[in-house]
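Peer 1:
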Amino acid sequence: MTAQRFFDFLHTTFEPSLAARLSQILRRDSLIWEYVQEEIFFNNLSEGWGRDVHDWTPATLGLMAVGELTLRDQLLKEPMEGLESSLRVRAVRAYEEIRRKGEAPSDLKVAVLAALALRERRRLTGNWNGLADELITAPTGVRSLNPEIWMTPLTCLVGMVGDPFDLVLGLWAPKNETAGLRWMLHIYETQPTDR
Numbered sequence: 048m049t050a051q052r053f054f055d056f057l058h059t060t061f062e063p064s065l066a067a068r069l070s071q072i073l074r075r076d077s078l079i080w081e082y083v084q085e086e087i088f089f090n091n092l093s094e095g096w097g098r099d100v101h102d103w104t105p106a107t108l109g110l111m112a113v114g115e116l117t118l119r120d121q122l123l124k125e126p127m128e129g130l131e132s133s134l135r136v137r138a139v140r141a142y143e144e145i146r147r148k149g150e151a152p153s154d155l156k157v158a159v160l161a162a163l164a165l166r167e168r169r170r171l172t173g174n175w176n177g178l179a180d181e182l183i184t185a186p187t188g189v190r191s192l193n194p195e196i197w198m199t200p201l202t203c204l205v206g207m208v209g210d211p212f213d214l215v216l217g218l219w220a221p222k223n224e225t226a227g228l229r230w231m232l233h234i235y236e237t238q239p240t241d242r
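Under the numbering used here, the residues of the sequence shown are numbered 48 to 242, in order.
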């Protein structure tokens, strides 16, 4: 699909100012931008999906990418419910692979699975304590991870939890303030709606 076809869809669906804003927001995350350029994604939009601005959050787009769009509302509920076991296993594997390799997710599917694993972490611990330190430390503890690898998973995660403000506060790491600020800014810049 060409970018022009995608822009045409946005401009025929939304008022011009919102269409322009959405296209700018979607381009701020490369994995999200790549995903919305895929033909299969565009075909789903043509069938009636995507007419509401909430459909364009990174969390919703990510859930759509992994075929779990029906989870969107369930993920926001408190107390948190656990994921179905096979999805949880896929999520944990994706998260562990990112940490082990120290590389950014290869696509939006991997990023949203990592986000779901982080949500499970919160469900099991009851808080976001230590999250920032965990994200910047390799599993062996002997090297630091590039904080950039977590941009897409974190921007997806914020739309999958009922306590996004607490999550953002949990991203603040006194020993690495720069990472926390970059994550917070990316989250802010990639959300089409205020939550």
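Here a beta-carbon is modelled for each residue, glycine too, at the ideal position from N, C-alpha and C.
Could you spell out where the alpha helix (DSSP H) holding Leu201 opens and where it closes?
Peer 2: Counted from its first residue, the sequence shown places residue 201 at position 154. Element bounds for Leu201: Met198 to Leu204.
Peer 1: Per DSSP, which one or two residues make a beta bridge with Ser191?
Peer 2: Position 144 of the sequence shown holds residue 191. The partner list for Ser191 (beta bridge, DSSP) reads Thr184.
Peer 1: So within the region 126-180, which uninterrupted alpha helix (DSSP H) runs reach at least 4 residues, ignoring any that extend past its ends?
Peer 2: Runs of the alpha helix (DSSP H) inside the region 126-180: 132-148 and 155-172.
Peer 1: Can we say the region 69-78 touches the region 166-177, given the rule of at least three CB pairs closer than 8 Å?
Peer 2: The region 69-78 vs the region 166-177: no contact.
Peer 1: Just to check my reading of the structure: Val113 and Val159 have Cβ atoms closer than 8 Å, yes? What is that Cβ distance to the nearest angstrom?
Peer 2: Within the sequence shown, the letter at position 66 stands for residue 113. Within the sequence shown, the letter at position 112 stands for residue 159. Right, their Cβ atoms sit about 6 Å apart.
Peer 1: Should Asp55 go down as buried or exposed, given a rule of 16 or more other Cβ atoms within 10 Å for buried?
Peer 2: As a working note, residue 55 is residue 8 in the sequence shown. It is exposed - the Cβ of Asp55 has fewer than 16 other Cβ atoms within 10 Å.
Peer 1: Is it buried or exposed for Thr187, if we count other Cβ within 10 angstroms and need 16 for buried?
Peer 2: Translated into the one-based positions of the sequence shown, residue 187 becomes position 140. Its Cβ having fewer than 16 others within 10 Å, Thr187 is exposed.
Peer 1: Assign Met48 to one of three DSSP states: helix, strand, or coil.
Peer 2: In the sequence shown, residue 48 corresponds to position 1, counting from 1. With a pLDDT of only 49 at Met48, under 50, the local geometry of the prediction cannot be trusted, and the value read off the model is given with reservation. The answer is coil: DSSP assigns Met48 none of H, G, I, E or B.
Peer 1: Please state whether the Cβ-Cβ distance between Ala161 and Pro221 is less than 7 Å.
Peer 2: Locating residue 161 in the sequence shown gives position 114, where the first residue counts as 1. Locating residue 221 in the sequence shown gives position 174, where the first residue counts as 1. It is not a contact, given that the beta carbons lie outside the stated cut-off.
Peer 1: My assumption, with CB atoms under 8 Å, is that Leu163 sits in contact with Leu130. Please give the rounded CB distance.
Peer 2: Start at 1 with the first residue of the sequence shown, and residue 163 comes out as number 116. Start at 1 with the first residue of the sequence shown, and residue 130 comes out as number 83. Right, their Cβ atoms sit about 6 Å apart.
Peer 1: Within 10 angstroms of its Cβ, does Ala106 collect 16 or more other Cβ (buried), or is it exposed?
Peer 2: Here residue 106 refers to the residue found at position 59 when the sequence shown is read from its first residue. Buried: at least 16 other Cβ atoms inside 10 Å.
Peer 1: If Met207 sits next to His233, beta carbons under 8 Å apart, how far is it from one beta carbon to the other, in whole angstroms?
Peer 2: Position 160 of the sequence shown, counted from the first residue, corresponds to residue 207. Position 186 of the sequence shown, counted from the first residue, corresponds to residue 233. Actually they are not in contact, since the Cβ atoms of Met207 and His233 sit about 16 Å apart, beyond 8 Å.
Peer 1: Would the beta-carbon of Gly209 fall within 7 Å of that of Trp219?
Peer 2: To locate residue 209, count along the sequence shown from 1; it is residue 162. To locate residue 219, count along the sequence shown from 1; it is residue 172. In this structure, Trp219 does not lie closer than 7 Å to Gly209 by Cβ.
Peer 1: Between the C-alpha atoms of Glu236 and Ala67, what's the straight-line distance to the nearest angstrom?
Peer 2: Reading the sequence shown from its first residue, position 189 is the one you call residue 236. Reading the sequence shown from its first residue, position 20 is the one you call residue 67. Cα-Cα distance, rounded: 14 Å.
Peer 1: Does the Cβ of Val136 have 16 or more other Cβ atoms within 10 Å, making it buried, or fewer, making it exposed?
Peer 2: Here residue 136 is taken as the residue at index 89 of the sequence shown, counted from 1. Flag for Val136 reads exposed.
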